[in-house]
Every structure is written in structure tokens, then in C-alpha cells.
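S.K.:
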Ligand SMILES: Nc1ncnc2c1ncn2[C@@H]1O[C@H](COP(=O)(O)OP(=O)(O)OP(=O)(O)O)[C@@H](O)[C@H]1O
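Residue numbers (the UniProt record's numbering): 1 to 343.
Have a look at this one:
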């Protein structure tokens with residue numbers, strides 16, 4: 001790599017400047033201290049028949065309270081592994097993950113049970129897996145409150161029934177209250193499942209492909225229910241999805257590739273001079289804690305980037321160029337003014 005150009009290159013910092021930087025580093029709060037979900041270099045290795053699979057390979061992810069976000073990625077990229085860890089159903093091999101201050105690696109059995117009952121709510125893809133078939137929709141919603149059990153703050157039966165009714169009404173499933181799951185459509189079952197997941201007022205709502213078994217119109221209604229939980233209750237929602245409609249409607253979509261976060265799309269609603277609302281979306285590559293970023297495969301293949309790249313620091317951006325030196329040595333000349341890709 002050539003000598004970096006741009007701001008500050010080559011300047012030797014003074015002793016007082018170095019002291020100031022050291023003090024600043026000391027005062028820096030822990031990574032993700034203000035996030036609801038903080039995954040720090042999360043690793044999950046599965047061993048099956050003597051073969052190791054690294055499902056998560058040092059994944060960093062921060063999710064803040066009140067976000068409605070989607071996780072996307074190719075099959076096998078690690079999305080469900082991450083969801084199962086955040087749901088408290090699986091343990092990471094290394095790294096750290098905290099949700100609402102609960103450290104998921106260190107939690108004992110009792111805390112894990114409390115975490116699953118009170119801190120996270122979960123909606124699965126398989127509609128039948130979310131609800132008990134012999135209870136009505138309202139009874140399904142009341143059950144987690146009942147299981148949460150005693151203590152001084154415990155809800156009375158009347159309160160549980162009222163809350164179940166309110167949640168079902170908010171999610172437009174009020175008319176399902178007295179019906180068994182087998183008497184409901186797939187979309188109604190998923191909306192009831194969201195009410196069940198919200199029953200104990202969790203801090204985080206997780207959903208793994210919740211619209212995967214539904215047609216697109218029904219999927220849109222189920223997604224509207226997640227949006228309502230986010231907007232009306234301020235619920236933080238993370239949804240794993242292959243559904244482009246869902247991914248395009250959230251404010252933040254994080255892509256996972258090979259067990260790490262790779263890119264992110266952020267969407268903002270803007271109001272133009274004419275008063276019309278428009279949505280703008282920007283795609284970013286994510287920078288992990290060690291400063292690594294993954295360049296999208298279509299960018300690397302477009303420029304034939306392989307093995308290593310040349311970086312040039314500019315005042316407000318970094319240029320990433322293919323390393324052509326090997327080729328030039330073979331052809332015996334040095335080209336000038338190649339245009340590279342900006343990162
Ligand atoms: N219990 C397990 N034992 C062994 N390997 C596993 C286990 N669970 C997941 N894996 C492997 O870990 C990798 C990530 O799997 P994961 O289910 O998290 O992917 P995914 O992104 O959710 O995929 P999909 O979109 O197909 O559901 C895959 O290679 C998978 O085969």
C-alpha cells in the first residue's frame with residue numbers, strides 16, 4: 001500500500017495529544033452500552049459427525065430500543081442461529097451478547113427461564129408452533145401471563161383477560177378471541193401469535209420468517225401487526241425474512257453473510273418542498289469492531305479485486321483500488337490514472 005495521503009498523514013502527534021487520546025480511550029464506555037441488543041464478536045460453532053460448522057464467525061450487531069428492523073441473508077448465512085441465541089434457546093460458543101442488560105453467555109438456568117418469559121417474545125414461521133391447539137386465541141394470549149406466576153405484581157385473572165382482549169383488538173384479531181387455532185386462517189394465527197409474544201410486555205420481539213407460510217396479501221397484514229406493535233407500544237422488533245416486501249418496509253435492513261453482518265440499508269421518509277412524502281434508501285457496508293468491512297461480491301468481481309487491494313486515504317473518503325502490480329510486472333509497464341472504486 002502506498003503512503004496514505006490526506007488529513008493528518010505523516011504528522012507526529014505531541015505528547016499532550018497522545019495523553020489526551022489515551023484519556024479519551026479510557027473514558028470510552030463499553031461497546032453497545034446504550035443499545036438494547038449488543039452482539040460483540042459473536043461466534044457459534046456446531047459440531048456434527050466430526051465436522052465443524054462456523055454458523056456465526058464474529059458477528060457484531062447493535063439494535064437500539066424502538067427499532068423495527070429486518071435481517072436478511074442467503075440460506076445458511078446464520079440468521080436463525082442468531083435468532084435462537086437472542087431468544088435464549090441456544091448458547092454462543094464465544095464472544096458476547098447482551099439483551100436489556102442480560103448477558104446471554106453467562107446466564108444460569110433460572111435467569112435464562114426468566115429471560116425467555118419476560119425479556120423476549122418470539123414468533124416462529126410455522127403457524128402451528130406458536131399456539132396451543134386446545135386453547136382459544138384469548139386463552140393462548142393469557143397463558144404466558146399466568147405462567148409468569150406469582151409475586152406482588154402478578155396480574156389477576158380479570159386483568160389477564162382484559163390485556164389479552166386489548167392486544168388481540170390492537171392486532172386486528174379481536175374477532176378471533178374465542179376461536180381455537182384450528183378455526184383460524186394462517187394470517188390470523190400469526191397475528192394471535194404476535195399477541196402471545198407481547199403478553200408479558202417483553203423488551204424485544206423476535207420473529208423468524210413470520211410470513212414465510214403466507215401469501216403476500218396475508219403476509220402484508222401480519223407485517224402491519226408488527227408495525228403496530230412497534231408504533232403503538234414502542235416495541236423493538238427484529239424480523240428474519242426472505243420477503244422483499246417486509247425487508248423494504250422497515251427502516252433498517254441488515255444483511256448477514258457467512259456468519260457476519262455485511263451490509264445495511266437505512267430508509268428515511270422525507271417530505272419534499274411540494275409536501276409529498278418520499279422514502280430514500282441508502283446502502284452501507286458495515287464496519288466490524290476490528291475495522292473489517294466486506295465488499296459486496298458484485299463490486300469485487302466488477303474490478304477483479306482478489307487477495308489484496310490498495311487503499312488511499314482522502315480527506316472524506318477512502319479509495320479502494322485493485323492491486324495491478326503483479327500484472328504490470330508481468331507486462332513490464334506501469335499504467336497511470338486508473339480509476340478505482342471508492343469505499
Ligand atoms: N444444530 C445444528 N447443527 C449443525 N449445524 C447447524 C445447526 N444449526 C445450524 N447449522 C448450520 O449453521 C449454518 C447456519 O445455519 P442457519 O440456520 O443459522 O442459517 P439461516 O441463515 O437461518 O438459513 P435459512 O435461511 O435457510 O433458514 C448452516 O451451515 C447450518 O447448516
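C-beta atoms are modelled at their ideal positions from N, C-alpha and C, and glycine is treated no differently. Model, not experiment: these values are computed from the prediction.
If we call anything under 8 angstroms between Cβ atoms a contact, is residue 69 one with residue 238?
M.R.: Against the chain shown, residue 69 aligns to sequence position 69. Against the chain shown, residue 238 aligns to sequence position 238. Contact: yes.
S.K.: Quick one, what's near ligand 1 if you take every residue whose CB is closer than 6 angstroms to any heavy atom, in chain order?
M.R.: 46, 48, 53, 55, 73, 75, 76, 77, 78, 79, 80, 81
S.K.: Return the chain-ordered ranges of every beta strand (DSSP E) run that is complete within the region 255 to 279 and spans a minimum of 3 residues.
M.R.: 260 to 271
S.K.: Ignore the nearest five residues each way along the sequence and tell me which others in residue 270's own chain have a CB closer than 8 angstroms to its CB.
M.R.: Numbered from its first residue, the chain shown carries residue 270 at position 270. Contacts found: 277, 278, 279, 280.
S.K.: Considering only their Cβ atoms, is the gap separating residue 131 from residue 63 smaller than 8 angstroms?
M.R.: The count along the chain shown starts at 1 and reaches residue 63 at position 63. The count along the chain shown starts at 1 and reaches residue 131 at position 131. Against a cut-off of 8 angstroms, the Cβ pair of residue 131 and residue 63 comes out as no contact.
S.K.: May I ask you to list the residues that DSSP assigns as paired with residue 312?
M.R.: To locate residue 312, count along the chain shown from 1; it is residue 312. Looking at the DSSP assignment, residue 312 forms a beta bridge with 319.
S.K.: Drop a sphere of 10 angstroms on the beta-carbon of residue 11, count the other beta-carbons inside from all chains shown, and report buried for 16 or more, exposed for fewer.
M.R.: Reading the chain shown from its first residue, position 11 is the one you call residue 11. Result: exposed.
S.K.: Assess, as a yes-or-no matter, whether the region 90 to 103 is touched by the region 28 to 42 under the definition of 3 or more beta carbon pairs within less than 8 angstroms.
M.R.: yes
S.K.: Which stretch, first to last residue, makes up the alpha helix (DSSP H) that contains residue 165?
M.R.: Position 165 of the chain shown, counting from 1, holds the residue named residue 165. Looking at the DSSP string, the run of the alpha helix (DSSP H) that includes residue 165 is 157 to 170.
S.K.: May I ask you to report which of helix, strand or coil DSSP gives residue 296?
M.R.: By 1-based counting over the chain shown, the position of residue 296 is 296. Coil at residue 296, not helix or strand.
S.K.: Which ranges would you report for the alpha helix (DSSP H) in the region 199 to 251 if only whole runs of at least 4 residues count?
M.R.: Whole alpha helix (DSSP H) segments, 4+ residues: 216 to 233, 244 to 249.
S.K.: Can residue 141 and residue 207 be called in contact, C-beta distance under 8 angstroms?
M.R.: The sequence position of residue 141 within the chain shown is 141, counting from 1. The sequence position of residue 207 within the chain shown is 207, counting from 1. Cβ distance not < 8 angstroms, so residue 141 and residue 207 don't count as in contact.
S.K.: Taking the alpha carbon of residue 257 as the reference point, which residue from 54, 204, 181, 290 has its own alpha carbon closest?
M.R.: By one-based count along the chain shown, residue 257 stands at place 257. In this structure, 54 is the residue among 54, 204, 181, 290 with its C-alpha nearest to the C-alpha of residue 257.
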